[in-house]
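This report concerns only the one structure given below.
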Amino acid sequence: MRYKKLGRTGIEVSEYALGCWPFAGGDVWGDQSDETSIAAVHAALDAGINFFDTAESYGDGRSERVLGVALEGRRDEAVIATKVSPSNLSRDGIVESCERSLRHLRIEYIDLYQVHWPSRSVPLAETMGALERLKEQGKVRALGVCNFGVQDLADLLEVGAVETDQLPYSLLWRVIEDAIQDVLLANETGIICYTPLAQGLLTGRYASADEVPEGLARTRHFAGTRPQVNHGELGCEAEAFAAIEAVRRVADGLGEPMSSVALAWARQQRGVTSLLVGARSPEEVLRNVPAFDLTLAAATVSELSAVTEEVKLKIGSNPDMWHSKSRMR
413 MRYKKLGRTG
423 IEVSEYALGC
433 WPFAGGDVWG
443 DQSDETSIAA
453 VHAALDAGIN
463 FFDTAESYGD
473 GRSERVLGVA
483 LEGRRDEAVI
493 ATKVSPSNLS
503 RDGIVESCER
513 SLRHLRIEYI
523 DLYQVHWPSR
533 SVPLAETMGA
543 LERLKEQGKV
553 RALGVCNFGV
563 QDLADLLEVG
573 AVETDQLPYS
583 LLWRVIEDAI
593 QDVLLANETG
603 IICYTPLAQG
613 LLTGRYASAD
623 EVPEGLARTR
633 HFAGTRPQVN
643 HGELGCEAEA
653 FAAIEAVRRV
663 ADGLGEPMSS
673 VALAWARQQR
683 GVTSLLVGAR
693 SPEEVLRNVP
703 AFDLTLAAAT
713 VSELSAVTEE
723 VKLKIGSNPD
733 MWHSKSRMR
(Lines of atoms letter the chains of each structure in order from A and count residues from 1; the text may use other names and numbers.)
(Lines give C-alpha, C1' and ligand atoms only; values in the text may rest on other atoms or scores of the structure.)
Protein backbone atom coordinates (compact mmCIF):
# COMPACT_ATOMS: atom_id res chain seq x y z
CA MET A 1 0.00 0.00 0.00
CA ARG A 2 1.26 3.46 -0.91
CA TYR A 3 0.63 6.62 1.09
CA LYS A 4 0.36 10.34 0.37
CA LYS A 5 0.30 13.49 2.45
CA LEU A 6 -3.13 14.85 3.28
CA GLY A 7 -3.03 18.28 1.65
CA ARG A 8 -0.29 20.38 3.21
CA THR A 9 -0.31 18.45 6.50
CA GLY A 10 2.11 15.80 7.68
CA ILE A 11 -0.69 13.27 7.94
CA GLU A 12 -0.05 10.27 5.71
CA VAL A 13 -3.04 8.44 4.28
CA SER A 14 -3.29 5.31 2.19
CA GLU A 15 -4.23 5.76 -1.46
CA TYR A 16 -7.03 3.27 -0.74
CA ALA A 17 -9.52 4.91 1.62
CA LEU A 18 -12.27 2.69 2.97
CA GLY A 19 -15.72 4.20 2.47
CA CYS A 20 -17.86 3.28 5.46
CA TRP A 21 -21.27 4.41 4.23
CA PRO A 22 -22.30 0.77 3.51
CA PHE A 23 -22.01 0.06 7.25
CA ALA A 24 -25.21 2.10 7.67
CA GLY A 25 -27.32 -0.40 5.69
CA GLY A 26 -30.77 1.05 5.09
CA ASP A 27 -32.57 1.88 1.85
CA VAL A 28 -29.40 2.39 -0.19
CA TRP A 29 -27.32 -0.56 1.00
CA GLY A 30 -29.88 -3.01 2.37
CA ASP A 31 -29.31 -5.31 5.33
CA GLN A 32 -25.82 -5.03 6.78
CA SER A 33 -24.43 -6.91 9.75
CA ASP A 34 -22.35 -4.86 12.19
CA GLU A 35 -20.12 -7.88 12.75
CA THR A 36 -19.35 -8.08 9.03
CA SER A 37 -18.64 -4.34 8.90
CA ILE A 38 -16.24 -4.64 11.83
CA ALA A 39 -14.47 -7.54 10.13
CA ALA A 40 -14.13 -5.38 6.98
CA VAL A 41 -12.37 -2.66 8.99
CA HIS A 42 -9.97 -5.17 10.52
CA ALA A 43 -9.21 -6.62 7.08
CA ALA A 44 -8.49 -3.12 5.80
CA LEU A 45 -6.09 -2.35 8.64
CA ASP A 46 -4.29 -5.66 8.13
CA ALA A 47 -3.89 -4.82 4.42
CA GLY A 48 -2.24 -1.48 5.20
CA ILE A 49 -5.30 0.72 4.66
CA ASN A 50 -5.26 3.46 7.29
CA PHE A 51 -7.83 5.95 5.91
CA PHE A 52 -11.50 5.54 6.88
CA ASP A 53 -14.30 7.86 5.77
CA THR A 54 -17.77 8.16 7.28
CA ALA A 55 -20.35 10.87 8.06
CA GLU A 56 -22.82 11.80 10.75
CA SER A 57 -25.65 11.39 8.24
CA TYR A 58 -24.84 7.79 7.29
CA GLY A 59 -27.60 5.82 8.95
CA ASP A 60 -28.18 8.61 11.48
CA GLY A 61 -24.79 7.89 13.02
CA ARG A 62 -24.80 4.11 12.65
CA SER A 63 -21.77 4.08 10.33
CA GLU A 64 -19.77 6.19 12.80
CA ARG A 65 -20.78 3.99 15.72
CA VAL A 66 -19.80 0.78 13.94
CA LEU A 67 -16.46 2.25 12.86
CA GLY A 68 -15.81 3.36 16.43
CA VAL A 69 -16.32 -0.17 17.75
CA ALA A 70 -14.17 -1.63 14.97
CA LEU A 71 -11.23 0.65 15.77
CA GLU A 72 -11.17 0.03 19.52
CA GLY A 73 -7.61 -0.88 20.42
CA ARG A 74 -6.36 0.10 16.95
CA ARG A 75 -7.00 3.86 16.93
CA ASP A 76 -3.33 4.64 16.40
CA GLU A 77 -3.39 2.73 13.09
CA ALA A 78 -6.21 4.81 11.61
CA VAL A 79 -6.77 8.21 10.04
CA ILE A 80 -10.47 8.91 10.58
CA ALA A 81 -12.47 11.28 8.38
CA THR A 82 -16.06 12.19 9.05
CA LYS A 83 -18.44 14.90 7.86
CA VAL A 84 -20.78 17.51 9.26
CA SER A 85 -24.12 17.88 7.46
CA PRO A 86 -25.13 21.17 5.75
CA SER A 87 -27.97 21.62 8.24
CA ASN A 88 -25.43 21.78 11.10
CA LEU A 89 -22.95 24.35 9.76
CA SER A 90 -23.79 27.14 12.20
CA ARG A 91 -21.32 27.95 14.97
CA ASP A 92 -23.25 25.99 17.60
CA GLY A 93 -24.33 23.27 15.18
CA ILE A 94 -20.77 22.39 14.25
CA VAL A 95 -19.70 22.10 17.88
CA GLU A 96 -22.65 19.85 18.68
CA SER A 97 -22.05 17.70 15.60
CA CYS A 98 -18.37 17.32 16.35
CA GLU A 99 -19.02 16.28 19.94
CA ARG A 100 -21.64 13.77 18.79
CA SER A 101 -19.30 12.29 16.17
CA LEU A 102 -16.51 11.99 18.76
CA ARG A 103 -18.88 10.04 21.01
CA HIS A 104 -20.06 7.82 18.17
CA LEU A 105 -16.49 7.11 17.06
CA ARG A 106 -15.22 6.66 20.64
CA ILE A 107 -12.25 8.91 19.99
CA GLU A 108 -10.78 12.13 21.37
CA TYR A 109 -10.04 13.81 18.04
CA ILE A 110 -11.07 13.58 14.37
CA ASP A 111 -8.21 13.48 11.87
CA LEU A 112 -10.10 15.07 8.95
CA TYR A 113 -13.36 16.91 9.62
CA GLN A 114 -15.23 17.73 6.42
CA VAL A 115 -18.17 19.90 5.40
CA HIS A 116 -20.40 17.36 3.63
CA TRP A 117 -22.18 19.82 1.32
CA PRO A 118 -22.05 23.62 1.04
CA SER A 119 -24.70 25.59 2.89
CA ARG A 120 -26.65 28.34 1.18
CA SER A 121 -27.89 29.83 4.47
CA VAL A 122 -24.92 29.89 6.88
CA PRO A 123 -22.03 32.24 6.00
CA LEU A 124 -18.79 30.39 5.25
CA ALA A 125 -16.95 32.71 7.62
CA GLU A 126 -19.09 31.46 10.50
CA THR A 127 -18.57 27.83 9.49
CA MET A 128 -14.82 28.15 9.03
CA GLY A 129 -14.45 30.10 12.27
CA ALA A 130 -16.10 27.28 14.21
CA LEU A 131 -14.01 24.64 12.46
CA GLU A 132 -10.78 26.51 13.14
CA ARG A 133 -11.68 26.72 16.85
CA LEU A 134 -12.15 22.96 16.93
CA LYS A 135 -8.62 22.64 15.49
CA GLU A 136 -7.24 24.99 18.14
CA GLN A 137 -8.93 22.86 20.83
CA GLY A 138 -7.31 19.69 19.50
CA LYS A 139 -10.62 18.05 18.60
CA VAL A 140 -9.83 18.15 14.87
CA ARG A 141 -6.44 17.78 13.16
CA ALA A 142 -7.28 18.88 9.60
CA LEU A 143 -10.19 20.42 7.72
CA GLY A 144 -11.74 19.42 4.43
CA VAL A 145 -14.82 19.94 2.31
CA CYS A 146 -16.89 17.77 0.03
CA ASN A 147 -18.77 18.70 -3.12
CA PHE A 148 -17.34 22.23 -3.39
CA GLY A 149 -17.25 23.59 -6.92
CA VAL A 150 -15.28 26.51 -8.36
CA GLN A 151 -17.40 29.29 -6.85
CA ASP A 152 -17.72 27.55 -3.49
CA LEU A 153 -13.95 27.16 -3.39
CA ALA A 154 -13.42 30.81 -4.30
CA ASP A 155 -15.75 31.88 -1.49
CA LEU A 156 -13.98 29.53 0.91
CA LEU A 157 -10.52 30.83 0.10
CA GLU A 158 -11.60 34.33 1.11
CA VAL A 159 -12.16 33.16 4.72
CA GLY A 160 -9.95 30.13 5.25
CA ALA A 161 -8.28 27.08 3.76
CA VAL A 162 -8.83 23.35 3.68
CA GLU A 163 -6.61 20.38 2.91
CA THR A 164 -8.98 18.34 0.73
CA ASP A 165 -12.10 18.43 -1.41
CA GLN A 166 -13.98 15.16 -1.69
CA LEU A 167 -15.62 14.87 -5.10
CA PRO A 168 -17.17 12.27 -7.40
CA TYR A 169 -14.55 11.24 -9.95
CA SER A 170 -14.35 8.14 -12.11
CA LEU A 171 -14.18 7.08 -15.73
CA LEU A 172 -17.96 7.61 -15.82
CA TRP A 173 -17.94 10.94 -13.97
CA ARG A 174 -15.23 13.33 -15.12
CA VAL A 175 -16.93 16.70 -14.61
CA ILE A 176 -14.25 18.01 -12.25
CA GLU A 177 -11.74 17.98 -15.12
CA ASP A 178 -13.42 21.04 -16.65
CA ALA A 179 -12.38 23.54 -13.97
CA ILE A 180 -12.52 22.27 -10.38
CA GLN A 181 -9.39 20.13 -10.66
CA ASP A 182 -7.24 23.09 -11.76
CA VAL A 183 -8.45 25.26 -8.86
CA LEU A 184 -7.61 22.54 -6.36
CA LEU A 185 -4.17 21.98 -7.84
CA ALA A 186 -3.41 25.70 -7.78
CA ASN A 187 -4.26 25.81 -4.07
CA GLU A 188 -2.49 22.58 -3.06
CA THR A 189 -5.79 21.03 -2.04
CA GLY A 190 -5.90 17.26 -2.38
CA ILE A 191 -8.68 15.43 -4.18
CA ILE A 192 -10.41 12.54 -2.45
CA CYS A 193 -12.37 10.68 -5.10
CA TYR A 194 -15.68 9.16 -4.13
CA THR A 195 -17.54 6.62 -6.27
CA PRO A 196 -14.36 5.82 -8.27
CA LEU A 197 -16.13 2.63 -9.39
CA ALA A 198 -19.37 4.50 -10.13
CA GLN A 199 -21.22 2.60 -7.40
CA GLY A 200 -20.32 -0.75 -8.93
CA LEU A 201 -20.92 0.07 -12.59
CA LEU A 202 -17.18 -0.15 -13.32
CA THR A 203 -16.87 -3.57 -11.70
CA GLY A 204 -18.81 -5.18 -14.55
CA ARG A 205 -21.39 -6.39 -12.07
CA TYR A 206 -24.31 -5.15 -14.17
CA ALA A 207 -24.84 -6.05 -17.82
CA SER A 208 -27.47 -3.35 -18.36
CA ALA A 209 -29.08 -0.39 -16.64
CA ASP A 210 -32.12 -2.52 -15.82
CA GLU A 211 -30.00 -4.72 -13.53
CA VAL A 212 -28.86 -1.85 -11.30
CA PRO A 213 -30.74 -1.80 -7.95
CA GLU A 214 -33.06 1.14 -7.32
CA GLY A 215 -30.98 2.48 -4.42
CA LEU A 216 -27.92 2.76 -6.66
CA ALA A 217 -29.63 3.94 -9.85
CA ARG A 218 -30.07 7.51 -8.63
CA THR A 219 -27.25 9.38 -10.38
CA ARG A 220 -27.66 11.45 -13.55
CA HIS A 221 -26.48 8.45 -15.54
CA PHE A 222 -29.96 7.01 -15.11
CA ALA A 223 -33.34 8.12 -16.41
CA GLY A 224 -35.22 10.55 -14.23
CA THR A 225 -38.26 8.30 -14.30
CA ARG A 226 -36.57 5.66 -12.16
CA PRO A 227 -37.57 5.25 -8.48
CA GLN A 228 -35.65 7.33 -5.89
CA VAL A 229 -34.24 9.61 -8.63
CA ASN A 230 -34.32 13.36 -7.93
CA HIS A 231 -32.84 14.92 -11.08
CA GLY A 232 -35.67 14.52 -13.62
CA GLU A 233 -33.26 14.30 -16.58
CA LEU A 234 -33.15 11.81 -19.45
CA GLY A 235 -29.92 10.26 -18.21
CA CYS A 236 -27.34 8.59 -20.41
CA GLU A 237 -27.87 4.89 -19.82
CA ALA A 238 -27.02 3.79 -23.37
CA GLU A 239 -23.82 5.86 -23.48
CA ALA A 240 -22.77 4.75 -20.00
CA PHE A 241 -23.13 1.05 -20.73
CA ALA A 242 -21.40 1.39 -24.09
CA ALA A 243 -18.49 3.03 -22.24
CA ILE A 244 -18.51 0.28 -19.62
CA GLU A 245 -18.19 -2.32 -22.37
CA ALA A 246 -15.30 -0.39 -23.91
CA VAL A 247 -13.52 -0.22 -20.56
CA ARG A 248 -14.08 -3.95 -20.20
CA ARG A 249 -12.36 -4.57 -23.55
CA VAL A 250 -9.35 -2.50 -22.51
CA ALA A 251 -9.13 -4.39 -19.21
CA ASP A 252 -9.41 -7.74 -20.95
CA GLY A 253 -6.58 -6.74 -23.25
CA LEU A 254 -4.43 -6.02 -20.21
CA GLY A 255 -5.46 -9.24 -18.49
CA GLU A 256 -6.69 -7.23 -15.48
CA PRO A 257 -10.08 -6.98 -13.76
CA MET A 258 -12.12 -4.04 -15.00
CA SER A 259 -12.44 -2.66 -11.49
CA SER A 260 -8.64 -2.64 -11.04
CA VAL A 261 -8.16 -0.80 -14.32
CA ALA A 262 -10.83 1.77 -13.41
CA LEU A 263 -9.27 2.40 -10.00
CA ALA A 264 -5.76 2.63 -11.47
CA TRP A 265 -6.98 5.22 -13.99
CA ALA A 266 -8.48 7.35 -11.21
CA ARG A 267 -5.43 6.99 -8.97
CA GLN A 268 -3.19 8.30 -11.77
CA GLN A 269 -5.17 11.51 -12.32
CA ARG A 270 -3.79 14.91 -11.37
CA GLY A 271 -4.07 15.95 -7.73
CA VAL A 272 -5.65 12.74 -6.48
CA THR A 273 -4.74 11.84 -2.88
CA SER A 274 -6.95 8.83 -2.21
CA LEU A 275 -9.75 6.82 -3.75
CA LEU A 276 -12.72 6.25 -1.51
CA VAL A 277 -13.89 2.68 -2.12
CA GLY A 278 -16.87 1.34 -0.19
CA ALA A 279 -16.93 -2.23 1.06
CA ARG A 280 -19.39 -4.32 3.05
CA SER A 281 -17.18 -7.29 3.92
CA PRO A 282 -13.54 -8.36 4.24
CA GLU A 283 -13.81 -10.04 0.85
CA GLU A 284 -14.89 -6.80 -0.81
CA VAL A 285 -12.08 -4.88 0.88
CA LEU A 286 -9.39 -7.30 -0.26
CA ARG A 287 -10.78 -7.63 -3.79
CA ASN A 288 -9.65 -4.08 -4.60
CA VAL A 289 -6.23 -4.08 -2.90
CA PRO A 290 -4.31 -5.30 -6.02
CA ALA A 291 -5.58 -2.29 -7.99
CA PHE A 292 -3.35 -0.05 -5.90
CA ASP A 293 -0.26 -1.86 -7.16
CA LEU A 294 -1.34 -1.47 -10.80
CA THR A 295 0.16 1.36 -12.84
CA LEU A 296 -1.23 1.93 -16.32
CA ALA A 297 0.86 3.05 -19.27
CA ALA A 298 0.19 6.62 -20.41
CA ALA A 299 -1.28 5.30 -23.66
CA THR A 300 -3.77 3.15 -21.74
CA VAL A 301 -4.79 6.09 -19.54
CA SER A 302 -5.44 8.10 -22.70
CA GLU A 303 -7.37 5.27 -24.32
CA LEU A 304 -9.65 4.91 -21.28
CA SER A 305 -10.29 8.64 -21.29
CA ALA A 306 -11.15 8.48 -24.99
CA VAL A 307 -13.66 5.63 -24.68
CA THR A 308 -15.50 7.45 -21.88
CA GLU A 309 -15.46 10.88 -23.53
CA GLU A 310 -19.04 10.55 -24.85
CA VAL A 311 -20.35 10.03 -21.32
CA LYS A 312 -18.37 13.05 -20.15
CA LEU A 313 -19.93 15.19 -22.87
CA LYS A 314 -23.42 13.85 -22.19
CA ILE A 315 -23.16 14.56 -18.44
CA GLY A 316 -22.19 18.16 -19.15
CA SER A 317 -20.76 20.72 -16.75
CA ASN A 318 -23.02 20.10 -13.74
CA PRO A 319 -20.74 18.41 -11.15
CA ASP A 320 -23.67 17.25 -8.96
CA MET A 321 -24.29 13.54 -9.57
CA TRP A 322 -27.76 13.57 -8.09
CA HIS A 323 -29.59 16.79 -9.01
CA SER A 324 -30.32 18.68 -12.22
CA LYS A 325 -29.90 21.98 -10.40
CA SER A 326 -26.53 21.54 -8.78
CA ARG A 327 -25.96 21.98 -5.08
CA MET A 328 -22.35 22.57 -6.11
CA ARG A 329 -21.30 25.91 -7.60
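Each residue of the sequence shown is one higher than the one before, counting from 413 in my numbering. Just so you know, even glycine gets a beta-carbon here, dropped at the ideal spot from N, CA and C.
Counting only residues of its own chain and dropping the five nearest sequence neighbours on each side, P639 has a CB closer than 6 Å to the CB of E626. The beta carbons of L536 and D577 sit about 14 Å from each other, so the pair does not count as a contact at 8 Å. Beta-bridge partners assigned by DSSP to C432: none are found.
When rounded, the separation of the alpha-carbon atoms in F560 and R741 is 7 Å. By the Cβ neighbour-count rule, K724 is buried, with 16 or more other Cβ atoms within 10 Å of its own. DSSP, read as helix, strand or coil, puts D472 in coil. Contact annotation, T607 with W585: C-beta distance approximately 7 Å; criterion of less than 8 Å satisfied.
The beta carbon of A436 lies closer than 6 Å to those of Y470, G471, R474 and S475 in the same chain, with the five residues before and after it left out. Distance between S738 and S729, taken at the CA atoms: about 10 Å.
When secondary structure is reduced to three states using DSSP, L418 falls in the coil class, being assigned neither helix nor strand. A distance of 9 Å or more separates the beta carbons of S426 and A467. Between I604 and G556, the C-beta gap is smaller than 9 Å, which places the two residues in contact.
Residue pairing by DSSP places E424 opposite K417 in a beta bridge. In the DSSP assignment, S449 falls within the alpha helix (DSSP H) that extends over D446 to D458. Between A718 and L687, the alpha-carbon positions lie close to 21 Å from each other. As far as DSSP is concerned, Y521 takes part in no beta bridge. Across the set K551, V478 and R518, the C-alpha of K551 shows the shortest separation from the C-alpha of Y525.
Minimum Cα-Cα distance from W734 among the listed residues G644, K495 and A658 corresponds to G644. With fewer than 16 other beta carbons inside 10 angstroms of its own, L646 counts as exposed. Judged by DSSP in its simplified three-state form, Q549 adopts coil rather than helix or strand. Per DSSP, the continuous beta strand (DSSP E) segment holding P580 begins and ends at T576 to P580. Within its own chain, the residues whose Cβ lies closer than 8 Å to the Cβ of G419, once the five positions on either side in sequence are excluded, are A554, G556, V574, E575, T576, E600, T601, G602 and T685, listed in chain order. With respect to the C-alpha of E722, the residue from R617, V587, A674 and L613 having the closest C-alpha is V587. Bounds of the alpha helix (DSSP H) holding F653 are E649 to L666. Straight through space, the alpha carbons of M540 and D590 are spaced by roughly 27 Å.
Close CB contacts of I519 within its chain, under the 8 Å cut and outside five residues either way in sequence, are with G480, L483, R487 and I492 (chain order).
Residue state for V684 is assigned as strand, using DSSP reduced to three classes.
In this structure, G442 keeps its C-beta atom at 9 Å or more from the C-beta atom of M413.
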